[in-house]
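Per our numbering: the sequence shown = residues 1 to 339. Scroll down for the structure; my scribbles are underneath it.
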Amino acid sequence: MPEVLVLFGGRSAEHEVSCVSAATVVDALIEAGHGVTLVGIDPAGGWHRVDPASRPLAAAGPELTLSVPDGRLASSDGAVSYEVVFPVLHGPYGEDGTIQGLLEVIGVPYVGAGVLASAAAMDKDLSNRLFREAGLPMAEFMSVERSSYTPGTHGEILEKFELPLFVKPAALGSSVGISKVDEDFELAEAMVKAFKHGDKALVEEAITGREIEVAVLEGPRTSVPGEVVTTGWYDYSAKYHDDATELLVPAPLTDREVREVQDLAAAAFSVLGVAGLARVDFFYEEGGRGFLLNELNTMPGCTSRSMFPLLWEASGMSNAELFDELVNLAVARGTPRGR
Numbered sequence: 001m002p003e004v005l006v007l008f009g010g011r012s013a014e015h016e017v018s019c020v021s022a023a024t025v026v027d028a029l030i031e032a033g034h035g036v037t038l039v040g041i042d043p044a045g046g047w048h049r050v051d052p053a054s055r056p057l058a059a060a061g062p063e064l065t066l067s068v069p070d071g072r073l074a075s076s077d078g079a080v081s082y083e084v085v086f087p088v089l090h091g092p093y094g095e096d097g098t099i100q101g102l103l104e105v106i107g108v109p110y111v112g113a114g115v116l117a118s119a120a121a122m123d124k125d126l127s128n129r130l131f132r133e134a135g136l137p138m139a140e141f142m143s144v145e146r147s148s149y150t151p152g153t154h155g156e157i158l159e160k161f162e163l164p165l166f167v168k169p170a171a172l173g174s175s176v177g178i179s180k181v182d183e184d185f186e187l188a189e190a191m192v193k194a195f196k197h198g199d200k201a202l203v204e205e206a207i208t209g210r211e212i213e214v215a216v217l218e219g220p221r222t223s224v225p226g227e228v229v230t231t232g233w234y235d236y237s238a239k240y241h242d243d244a245t246e247l248l249v250p251a252p253l254t255d256r257e258v259r260e261v262q263d264l265a266a267a268a269f270s271v272l273g274v275a276g277l278a279r280v281d282f283f284y285e286e287g288g289r290g291f292l293l294n295e296l297n298t299m300p301g302c303t304s305r306s307m308f309p310l311l312w313e314a315s316g317m318s319n320a321e322l323f324d325e326l327v328n329l330a331v332a333r334g335t336p337r338g339r
């Protein structure tokens with residue numbers, strides 16, 4: 001079996017989630033029989049060799065240096081051998097095409113979407129435009145650039161959207177930096193909060209409906225759908241810390257509804273040209289517009305509370321089978337340029 005280099009941590013606001021996700025991936029790959037080298041990227045961008053058996057995982061330890069373009073990874077103790085990379089990195093500098101570009105340059109196979117698909121999926125404004133152009137059902141949205149943002153922008157937003165609405169960074173995940181705006185005066189603070197995480201904010205209509213998610217593997221192959229049930233909206237705390245958040249796997253949907261949302265998830269995967277894996281999120285307006293595509297994540301969370309592994313488990317794949325499959329897909333693809 002190929003030796004797998006698992007990268008985790010990273011420089012984004014989703015560093016903590018990456019650390020927990022990586023533990024799941026490492027345990028599954030070891031169970032599947034892979035040799036694993038674990039490398040943590042600290043918030044400053046330094047690379048460190050980490051003991052795969054350590055818990056909780058932290059991006060600390062002996063420093064490593066990656067040589068470009070030959071891909072030699074070494075510390076003072078010598079070089080580290082690896083054949084394929086599994087970048088368990090969420091958000092900027094990990095899920096946005098940057099690390100994928102580096103791996104393309106050094107010519108090593110890696111798990112997941114390539115440079116173009118990663119960058120497109122990370123920019124929710126761009127991916128929304130591509131989905132809409134392809135005819136996929138979408139909620140109303142509007143992008144706002146920091147460079148053109150003025151107090152007058154508030155009037156444009158409030159003219160286009162009814163309250164409540166949501167404001168979030170256009171290029172971030174795990175609901176980091178997102179705000180629900182219930183009153184006019186809350187909009188300015190929400191915009192400032194979103195701009196702390198990037199130069200573009202996304203304004204979206206608030207949807208009253210169910211939250212449905214589908215996991216996708218290359219093919220595309222789709223899992224059974226799942227449903228997220230919360231007492232409020234699905235923010236960072238609800239995703240990773242709130243025990244009151246309920247995950248219904250499989251989601252209580254009719255056979256027709258299951259087929260419909262699976263087809264939409266596969267279509268979204270294909271529109272962006274994603275490879276490897278994704279989780280596709282929807283809102284479901286029963287008696288209204290039906291399924292509305294929310295977003296596609298190219299490196300979804302893999303914690304014990306994360307839908308991606310739970311949906312595949314409910315579809316008949318253990319974690320060991322799932323992550324072994326992803327490594328094998330990466331090796332089979334090799335390193336085609338511009339994926």
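Quick reminder that beta carbons are idealized off the backbone N, C-alpha and C, glycines included. Source: prediction; values computed, not measured.
Should residue i and residue j be called a contact, given that it needs their Cβ atoms to be closer than 8 Å?
{"i": "Arg72", "j": "Pro43", "result": "no"}
{"i": "Gly273", "j": "Ala171", "result": "no"}
{"i": "Gly276", "j": "Ala113", "result": "yes"}
{"i": "Leu296", "j": "Ala268", "result": "yes"}
{"i": "Ala134", "j": "Val271", "result": "yes"}
{"i": "Lys193", "j": "Ser179", "result": "yes"}
{"i": "Leu126", "j": "Ile157", "result": "no"}
{"i": "Val4", "j": "Val108", "result": "no"}
{"i": "Val39", "j": "Leu64", "result": "yes"}
{"i": "Val80", "j": "Val105", "result": "no"}
{"i": "Pro169", "j": "Asp182", "result": "no"}
{"i": "Ala121", "j": "Thr231", "result": "no"}
{"i": "Pro87", "j": "Tyr110", "result": "yes"}
{"i": "Arg279", "j": "Met317", "result": "no"}
{"i": "Ala60", "j": "His48", "result": "yes"}
{"i": "Gly209", "j": "Glu286", "result": "yes"}
{"i": "Gly97", "j": "Ala74", "result": "no"}
Any idea if residue i is buried or exposed, counting beta-carbon neighbours within 10 angstroms, 16 or more meaning buried?
{"i": "Thr37", "result": "buried"}
{"i": "His241", "result": "Interpretation of His241 is limited by its pLDDT of 46, a score under 50 that renders its predicted location unreliable; the figure taken from the coordinates is listed afterwards. Exposed, by the Cβ-count rule."}
{"i": "Lys239", "result": "Per-residue confidence for Lys239 stands at a pLDDT of 49, beneath the threshold of 50, marking its modelled position as unreliable; no derived number is given."}
{"i": "Ser237", "result": "Because Ser237 carries a pLDDT of 49, less than 50, the predicted location of this residue cannot be relied on, and no value is offered for it."}
{"i": "Ala22", "result": "buried"}
{"i": "Leu145", "result": "The amino acid at residue 145 is misidentified as Leu; the sequence shows Glu. With fewer than 16 Cβ atoms within 10 Å of its Cβ, Glu145 is classed as exposed."}
{"i": "Ser76", "result": "exposed"}
{"i": "Pro309", "result": "buried"}
{"i": "Glu14", "result": "buried"}
{"i": "Val214", "result": "buried"}
{"i": "Lys200", "result": "buried"}
{"i": "Thr229", "result": "Sequence inspection shows Val at residue 229; the Thr mentioned does not correspond to that position. Val229 is exposed by the Cβ-count criterion."}
{"i": "Phe185", "result": "exposed"}
{"i": "Pro300", "result": "buried"}
{"i": "Glu95", "result": "buried"}
Relative to the alpha-carbon of residue i, which residue among the options has its alpha-carbon at the smallest distance?
{"i": "Ile99", "options": "Lys168, Arg146, Val6", "result": "Val6"}
{"i": "Leu322", "options": "Val228, Val216, Ser270", "result": "Val216"}
{"i": "Leu89", "options": "Gly177, Leu264, Gly45, Ala314", "result": "Gly45"}
{"i": "Arg305", "options": "Glu246, Val214, Ser148", "result": "Glu246"}
{"i": "Ile41", "options": "His34, Gly35, Ala32, Cys19", "result": "Cys19"}
{"i": "Ile30", "options": "Val331, Gly334, Val327, Leu103", "result": "Val327"}
{"i": "Ser148", "options": "Glu325, Met191, Glu95, Leu102", "result": "Met191"}
{"i": "Glu282", "options": "Leu103, Leu136, Arg129", "result": "Checking the sequence shown, residue 282 turns out to be Phe, not Glu. Measuring from the Cα of Phe282, the nearest candidate turns out to be Leu136."}
{"i": "Phe166", "options": "Asn294, Asp123, Pro151", "result": "Asn294"}
Quick one: is the Cβ of residue i within less than 7 Å of any heavy atom of the ligand NAD?
{"i": "Ser12", "result": "Ligands displayed in this structure: none; no statement on the ligand NAD is therefore possible."}
At a Cβ threshold of 8 Å, is residue i touching chain D?
{"i": "Ala113", "result": "Going by chain labels, chain D is absent from the structure shown, which holds only one protein chain."}
| request: Please confirm if the segment 19-28 is in contact with the segment 48-57, defined as three or more CB-CB distances below 8 Å between the two stretches. | output: yes
| said: Count Cβ pairs between the segment 283-294 and the segment 260-269 that sit closer than 8 Å; are there 3 or more? | reply: yes
| Within the chosen definition, does the segment 216-230 reach the segment 192-205 through at least 3 CB pairs nearer than 8 Å? | no
| Inside the segment 287-337 only - alpha helix (DSSP H) runs reaching at least 4 residues | 307-314, 319-333
| said: Extract the residue ranges of the beta strand (DSSP E) inside the segment 71-141, only unbroken runs of 3 or more that lie entirely within it. | reply: 73-75, 78-80, 84-88
| Taking the runs of the beta strand (DSSP E) that are 3 residues or longer, which of them lie wholly in the segment 187-262? | 200-205, 210-217, 226-229, 246-248
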